[in-house]
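Participant:
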Amino acid sequence: MKIKNKKKIYKKIISLVLALSVFISFSPVTQAATTDSKNHNVTFSLQSAVQLNTIPAVSFGNVDPSGSPYTSAEFVVQLKSNANWTLKVKSIGPDGIAGNADDNYFKDNNGSGSNTITVNDHLEWSTSPYSAWNWMTTTDATIKTGTKNSDNNWQDILMKYRLTINWSDQAANNYLGVIQYTVTTL
Amino acid sequence: MEKKFLKIFLILGIIFLYYLLPHLVLAQGFDFAVVPSKLDFELSAGENQSRSFKLYNKGVDPVTLYGYVEDYWITPDNDFEYFPPGTKEYSSAKWITLSKEKVIVQPGQYEEVTVTVNAPKNIESGGYYAVVFFEARGQSEEKAAAQLKIHGRVGVVILTTVKRTGLEGEILRKGEIKNLIVKTTWRPFIKNFSFDIKNIRQSLRNLKNIQFDFAALFQPQVKTTTVFENTGNTYLHCAGLDILKNTLTGREDEVKLPEMTVLDKSIRNFEAEWENAPFLGRIYLKSILAYKVSADRQEEKVAETVFWIIPWRLIILILIILAIILYIRRKLKKKTEKKSICPHCGKKYKGNPSFCPHCGKPLSENICPACKNPVPQNVKFCPNCGQKIEKTKQKPTKNKAKK
Numbered sequence: 017m018k019i020k021n022k023k024k025i026y027k028k029i030i031s032l033v034l035a036l037s038v039f040i041s042f043s044p045v046t047q048a049a050t051t052d053s054k055n056h057n058v059t060f061s062l063q064s065a066v067q068l069n070t071i072p073a074v075s076f077g078n079v080d081p082s083g084s085p086y087t088s089a090e091f092v093v094q095l096k097s098n099a100n101w102t103l104k105v106k107s108i109g110p111d112g113i114a115g116n117a118d119d120n121y122f123k124d125n126n127g128s129g130s131n132t133i134t135v136n137d138h139l140e141w142s143t144s145p146y147s148a149w150n151w152m153t154t155t156d157a158t159i160k161t162g163t164k165n166s167d168n169n170w171q172d173i174l175m176k177y178r179l180t181i182n183w184s185d186q187a188a189n190n191y192l193g194v195i196q197y198t199v200t201t202l
Numbered sequence: 003m004e005k006k007f008l009k010i011f012l013i014l015g016i017i018f019l020y021y022l023l024p025h026l027v028l029a030q031g032f033d034f035a036v037v038p039s040k041l042d043f044e045l046s047a048g049e050n051q052s053r054s055f056k057l058y059n060k061g062v063d064p065v066t067l068y069g070y071v072e073d074y075w076i077t078p079d080n081d082f083e084y085f086p087p088g089t090k091e092y093s094s095a096k097w098i099t100l101s102k103e104k105v106i107v108q109p110g111q112y113e114e115v116t117v118t119v120n121a122p123k124n125i126e127s128g129g130y131y132a133v134v135f136f137e138a139r140g141q142s143e144e145k146a147a148a149q150l151k152i153h154g155r156v157g158v159v160i161l162t163t164v165k166r167t168g169l170e171g172e173i174l175r176k177g178e179i180k181n182l183i184v185k186t187t188w189r190p191f192i193k194n195f196s197f198d199i200k201n202i203r204q205s206l207r208n209l210k211n212i213q214f215d216f217a218a219l220f221q222p223q224v225k226t227t228t229v230f231e232n233t234g235n236t237y238l239h240c241a242g243l244d245i246l247k248n249t250l251t252g253r254e255d256e257v258k259l260p261e262m263t264v265l266d267k268s269i270r271n272f273e274a275e276w277e278n279a280p281f282l283g284r285i286y287l288k289s290i291l292a293y294k295v296s297a298d299r300q301e302e303k304v305a306e307t308v309f310w311i312i313p314w315r316l317i318i319l320i321l322i323i324l325a326i327i328l329y330i331r332r333k334l335k336k337k338t339e340k341k342s343i344c345p346h347c348g349k350k351y352k353g354n355p356s357f358c359p360h361c362g363k364p365l366s367e368n369i370c371p372a373c374k375n376p377v378p379q380n381v382k383f384c385p386n387c388g389q390k391i392e393k394t395k396q397k398p399t400k401n402k403a404k405k
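Okay, here's the thing in structure tokens:
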């Protein structure tokens with residue numbers, strides 16, 4: 017009888033100890049005592065940025081008035097921007113510096129010759145197979161105004177040029193003109 | 003032995019293609035980035051401040067970038083215009099110096115360029131502006147008979163607020179919404195059809211290609227323009243939103259307005275498009291534009307308007323269909339309606355009258371037994387007194403009268 021009572025008492029003590037240990041291990045007091053939490057502020061400044069990618073030159077090869085007009089292969093001007101942007105184009109002349117007297121000319125001998133062909137009635141640009149042709153001028157013409165990137169991909173602007181050669185244009189070698197693309201964020 | 007030579011030849015060929023071919027291709031284009039694309043300066047008259055840009059070369063060839071400064075202006079329709087330095091009254095181009103005007107950036111690398119703004123002593127307080135360009139100039143080794151070289155430049159807007167000490171040194175950051183414009187348009191719902199009066203045959207042939215976009219009848223394109231004027235003396239960075247509520251259904255949408263900088267004494271149009279606009283509704287529009295007045299305070303400007311979206315084309319289409327149905331019904335009714343001839347005067351009459359509208363004589367031999375009035379044929383009850391009419395055999399009058 018005594019042994020049975022003792023066993024019962026032992027069982028009660030063990031179960032009580034177990035219950036207490038479980039309670040202590042899961043109690044908030046224990047957690048508060050063992051957890052050490054700190055807040056870390058994560059700060060950064062996100063700067064506006066623009067990335068531009070285009071080909072260096074467009075070649076029409078050998079041209080003559082009987083085969084005119086000549087349409088260039090399509091190429092893509094690519095942009096990435098985290099702000100709204102505008103893309104413009106203009107002719108800046110064979111010296112590659114805007115604001116000079118020769119802005120509106122192609123010049124032979126790779127831009128250093130004396131024979132000239134005017135740009136604003138010989139060269140046209142277009143942004144897609146279906147849009148109209150626009151004469152290239154020496155003032156900035158807006159190609160496209162766009163919004164900031166929605167993902168990390170490039171924003172593509174399809175471009176092509178058309179060159180019209182007249183019978184009155186002086187035959188000479190290596191006519192060169194320079195055009196300038198400008199991107200600015202709004 | 004021959005097989006071994008063939009293998010060696012193949013391997014050498016692959017190595018040749020792998021290493022040599024890329025160099026045979028024309029020079030690559032340029033791929034560069036400028037960070038940041040907008041810089042703010044705030045300084046006192048006579049002071050100078052410096053900041054730096056990073057110019058990244060993301061291409062595979064080294065790129066040479068040329069830096070220079072110009073004036074600029076933005077039209078209300080967000081179109082940039084560039085001018086030589088010092089052209090504009092508010093120009094800061096001549097105060098700006100760049101640490102390097104020509105930078106060669108290696109592929110995958112970046113170079114820093116410092117821009118310094120030196121504000122003169124005797125200038126009025128307010129905003130002064132310029133744009134710094136970094137330009138890559140395309141090079142091509144090909145000697146073509148006609149070619150275009152391409153230059154690409156990225157503009158970095160330099161916004162400077164200069165404060166002059168003294169009474170006239172106040173910086174005013176204020177603006178107002180001048181107008182709120184709503185334009186509702188509808189996409190064409192007939193596609194692939196063009197009519198040329200000179201070539202009707204072709205136009206009729208084109209009818210085969212017609213496509214109807216019925217969804218366009220239910221999807222209006224609602225564009226809002228919030229016209230904001232900067233009435234202060236320096237630039238404002240503005241951001242905002244349109245709140246559009248359909249008062250018929252209670253549906254409310256928010257459309258973010260673009261974040262833009264408005265130069266002083268200028269107007270800019272903040273345009274937004276409401277996607278998923280309802281096809282019918284009375285819309286309450288609230289346009290909110292906010293700008294910072296100081297580091298810890300911003301001001302909000304609000305404009306409101308109410309407009310209707312009415313599917314006019316759908317209504318017109320329904321009316322046209324109804325008119326066609328009514329016209330066809332009327333035509334059919336006219337066709338089925340037989341014209342009768344009076345047995346007394348021989349003239350035609352419509353409907354089923356009791357007396358001839360031309361001579362006034364009774365058109366029926368049927369007489370109501372109760373009220374003794376003539377009764378039209380094929381009626382069950384007398385139209386005058388309601389007496390039931392027994393069917394009697396009688397001479398048909400329709401189409402048989404002879405003069």
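Chains as they are written, first to last, in our numbering: chain F, 17 to 202; chain W, 3 to 405. Where is the CB? At the ideal position from N, CA and C, for every residue including glycine.
Using a cut-off of 7 Å between C-beta atoms, extract the partners of S79/F located in chain W.
Facilitator: Taking the first residue of the first sequence as position 1, residue 79/F is located at position 63. The sequence shown places Val at residue 79/F, rather than the Ser named in the question. In chain order: A147 and A148.
Participant: Could you tell me whether any Cβ in chain W is nearer than 8 Å to the Cβ of I71/F?
Facilitator: Residue mapping note: residue 71/F aligns to position 55 of the first sequence, counting from 1. By this cut-off, I71/F is an interface position.
Participant: Are any of the Cβ atoms in chain W nearer than 8 Å to that of T174/F?
Facilitator: Against the first sequence, residue 174/F aligns to sequence position 158. Going by the sequence as given, residue 174/F is Leu instead of Thr. No - not a single Cβ of chain W is within 8 Å of the one on L174/F.
Participant: Between the C-alpha atoms of I76/W and S97/F, what's the straight-line distance to the nearest angstrom?
Facilitator: Position 74 of the second sequence, counting from 1, holds the residue named residue 76/W. Position 81 of the first sequence, counting from 1, holds the residue named residue 97/F. Their Cα atoms are separated by approximately 19 Å.
Participant: Using the beta-carbon of each residue, which ones in chain F are nearer than 7 Å to G88/W?
Facilitator: Position 86 of the second sequence, counting from 1, holds the residue named residue 88/W. Those do not exist, as G88/W stays about 13 Å from chain F at its closest Cβ, beyond 7 Å.
Participant: Pull up the distance between the alpha-carbon of V30/F and that of S53/F, whole angstroms please.
Facilitator: Position 14 of the first sequence, counted from the first residue, corresponds to residue 30/F. Position 37 of the first sequence, counted from the first residue, corresponds to residue 53/F. A quick correction: the sequence has Ile, not Val, at residue 30/F. I30/F and S53/F: Cα-Cα distance of roughly 35 Å.
Participant: Taking the C-alpha atoms as reference points, what is the distance between D63/W and T236/W?
Facilitator: Looking up residue 63/W in the second sequence gives position 61. Looking up residue 236/W in the second sequence gives position 234. So the alpha carbons of these two residues sit roughly 41 Å apart.
Participant: Please confirm if I159/F has its CB atom under 8 Å from at least one CB of chain W.
Facilitator: In the first sequence, counting from the first residue as 1, residue 159/F sits at position 143. Closer than 8 Å: no.
Participant: Which same chain residues, not among the five before or five after C347/W, have their C-beta less than 7 Å away from its C-beta?
Facilitator: The count along the second sequence starts at 1 and reaches residue 347/W at position 345. C358, H360 and C361.
Participant: Contact between the segment 90-105 of chain F and the segment 68-78 of chain F is defined here as three or more beta-carbon pairs at a separation below 8 Å; is this criterion met?
Facilitator: A contact exists between the segment 90-105 of chain F and the segment 68-78 of chain F.
Participant: Quick one: does H153/W have its CB under 8 Å from some CB of chain F?
Facilitator: As a first step, residue 153/W is located in the second sequence; it is residue number 151 there, counting from the start. By this cut-off, H153/W is an interface position.
Participant: Would L57/W pass as a contact of V134/W if the rule is Cβ separation under 8 Å?
Facilitator: On the second sequence, residue 57/W is found 55 positions in, with the first residue counted as 1. On the second sequence, residue 134/W is found 132 positions in, with the first residue counted as 1. Not a contact, by the Cβ cut-off of 8 Å.
Participant: Is DSSP giving G177/W helix, strand or coil here?
Facilitator: Locating residue 177/W in the second sequence gives position 175, where the first residue counts as 1. In this structure, G177/W counts as strand in the three-state DSSP scheme.
Participant: Determine the direct distance from the alpha carbon of K6/W to that of N131/F, and round the result to whole angstroms.
Facilitator: Against the first sequence, residue 131/F aligns to sequence position 115. Against the second sequence, residue 6/W aligns to sequence position 4. Distance between the alpha carbons of N131/F and K6/W is about 59 Å.
Participant: Name the chain F residues whose beta carbon is nearer than 8 Å to that of R331/W?
Facilitator: Along the second sequence, one-based indexing puts residue 331/W at 329. Residues of chain F passing the Cβ test: none, with the nearest at roughly 45 Å.
Participant: Pick out whichever of I285/W, M262/W, F32/W and V257/W has its Cα sitting closest to the Cα of E277/W.
Facilitator: Here residue 277/W is taken as the residue at index 275 of the second sequence, counted from 1. Of I285/W, M262/W, F32/W and V257/W, the residue nearest in Cα terms is V257/W.
Participant: Which residues bound the alpha helix (DSSP H) around L316/W?
Facilitator: Counted from its first residue, the second sequence places residue 316/W at position 314. Run containing L316/W: W314 to T338, per the alpha helix (DSSP H) assignment.
Participant: Over what stretch of residues does the beta strand (DSSP E) that includes R178/F continue unbroken?
Facilitator: Locating residue 178/F in the first sequence gives position 162, counting from the first residue. Taken as a continuous stretch (DSSP letters only), the beta strand (DSSP E) holding R178/F covers Q171 to L179.
Participant: For a contact defined as C-beta to C-beta under 8 Å, what are the partners of K40/W on chain F?
Facilitator: As a first step, residue 40/W must be located in the second sequence, where it is residue number 38. Neighbours of K40/W on chain F, chain order: S64, A99 and T201.
Participant: Where are the beta strand (DSSP E) runs, 3 residues long or more, that stay fully inside the segment 121-152 of chain F, in chain order?
Facilitator: Whole beta strand (DSSP E) segments, 3+ residues: 121-123, 132-134 and 139-142.
Participant: If you follow the beta strand (DSSP E) that Q63/F is part of, which residue opens it and which one closes it?
Facilitator: Taking the first residue of the first sequence as 1, we reach residue 63/F at position 47. No beta strand (DSSP E) holds Q63/F; DSSP gives it neither H nor E.
Participant: Check distances from the C-beta atoms of the segment 178-202 of chain F to those of chain W and list, in chain order, the residues that come in under 7 Å.
Facilitator: So the list reads L179, N189, N190, Y191, L192, G193, V194, I195, Q196, Y197, T198, V199, T200, T201 and L202, given in the order they occur along the chain.
Participant: If you draw a straight line from the alpha carbon of V164/W to that of S52/W, how long is it in whole angstroms?
Facilitator: Locating residue 164/W in the second sequence gives position 162, counting from the first residue. Locating residue 52/W in the second sequence gives position 50, counting from the first residue. Answer to the nearest angstrom: the Cα atoms are 14 Å apart.
Participant: To the nearest angstrom, report how far apart L265/W and I181/F are at their CA atoms.
Facilitator: For the purposes of this step, residue 265/W is taken as the residue at position 263 of the second sequence. For the purposes of this step, residue 181/F is taken as the residue at position 165 of the first sequence. If you take the alpha carbons of L265/W and I181/F, they lie about 44 Å apart.
Participant: Indicate the three-state DSSP secondary structure (helix, strand or coil) for Y237/W in the structure shown.
Facilitator: Sequence index remark: in the second sequence, residue 237/W carries index 235 (1-based). In the structure shown, Y237/W sits in coil (DSSP, three-state: anything other than H, G, I, E or B).
Participant: Y92/W by DSSP, collapsed to three states: which one?
Facilitator: The residue labelled residue 92/W in the question sits at position 90 within the second sequence. Residue state, collapsed to three classes: coil.
Participant: For the beta strand (DSSP E) containing R166/W, name the first residue and the last one.
Facilitator: Taking the second sequence and counting its residues from 1, the one referred to as residue 166/W is at position 164. Per DSSP, R166/W belongs to no beta strand (DSSP E) and is neither H nor E.
Participant: How do the segment 168-188 of chain F and the segment 54-66 of chain F stand: do at least 3 beta-carbon pairs fall below 8 Å, yes or no?
Facilitator: The segment 168-188 of chain F, when compared against the segment 54-66 of chain F, does not touch it at the 8 Å Cβ threshold.
Participant: What residue does the alpha helix (DSSP H) around N208/W start on, and which one ends it?
Facilitator: In the second sequence, residue 208/W corresponds to position 206, counting from 1. Unbroken alpha helix (DSSP H) run through N208/W: I202 to N208.
Participant: For L174/F, which residues of its own chain have a beta-carbon under 7 Å away from its beta-carbon, when the five flanking residues on both sides are left out?
Facilitator: As a working mapping, residue 174/F is identified with position 158 in the first sequence. The residues are E90, V92, T143 and S144.
Participant: Would you grab the beta carbon distance between V119/W and L182/W for me? Rounded to a whole angstrom, and I think it's under 8 Å.
Facilitator: Counting from 1 along the second sequence, the entry for residue 119/W is found at position 117. Counting from 1 along the second sequence, the entry for residue 182/W is found at position 180. No, V119/W and L182/W are not in contact; Cβ-Cβ is about 36 Å, not under 8 Å.
Participant: Does S43/F come out as helix, strand or coil in the three-state DSSP assignment?
Facilitator: Translated into positions along the first sequence, residue 43/F becomes position 27. Residue confidence for S43/F is low, a pLDDT of 48 falling below 50, so the modelled location carries little weight; the figure read from the coordinates is stated next. S43/F falls in the coil class under three-state DSSP.
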